[in-house]
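Colleague: Okay, here's the structure, questions in a sec.
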Amino acid sequence: MAKGTIESKDQIKFLPFAIQRFWNKVIQRDSGECWGWKGYIDRNGVSKFAIQKMPENIKIPLAASRVSYIFNIGDIPEGLHVLHTCDNPECTNPKHLFVGTHTDNVKDMDAKGRRGTTEGYSHSDKTRQKMSESARRRYARRA
Ligand SMILES: [Zn+2]
């Protein structure tokens, strides 16, 4: 069990309450679209959600995508990260999430040309909403 993170619902205190709190912050859209986040978003554009972790009983900030994966898909193997097929760190749509290693993440970022840059994340939520999935892919390839 890794310390500063969670891998499973079993590690979450007050689980039903946490699930409810999570869904209150998700901006659900069509299943093919990116879902937004009404909660805190850090300066890298990553949506954040705090979880009361068991058995340590400490509050830890997690990427909302990681929490979405655990709630909607299942446990995350230890040491793995939740990555986005859509390249949108704010997105909480479980259909856009997959698990991989840190190396996969860096490779993925290289492939999409966004390693070490936050370019492309300055779009307002409205702009992003207007961008279709295919347009976003084209944009990602060009960048
Ligand atoms: Zn997405």
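Here the working numbering = 1-based position in the sequence shown + 21. C-beta atoms are modelled at their ideal positions from N, C-alpha and C, and glycine is treated no differently.
Can you give me the start and stop residues for the beta strand (DSSP E) that L118 sits inside?
Modeller: Segment L118 to G121, the beta strand (DSSP E) holding L118.
Colleague: In whole angstroms, what separates the C-alpha of P115 from that of W58?
Modeller: Cα to Cα, P115 sits roughly 13 Å from W58.
Colleague: Would you report the Cα separation of F92 and K30, rounded to the nearest angstrom?
Modeller: Going by the C-alpha atoms only, they are around 7 Å apart.
Colleague: Measure the CB-CB distance between G25 and I72 and report whether it falls below 8 Å.
Modeller: Not in contact: G25 and I72 (Cβ atoms no closer than 8 Å).
Colleague: So is R50 buried or exposed if we call it buried at 16+ other beta carbons inside 10 Å?
Modeller: So R50 ends up on the exposed side.
Colleague: Using only CA atoms, which one of K133, T122 and Y61 lies nearest to P98?
Modeller: Comparing Cα positions, the closest option is T122.
Colleague: What separation, rounded to the nearest whole angstrom, lies between the Cα atoms of C112 and C55?
Modeller: Roughly 5 Å between the two C-alpha positions.
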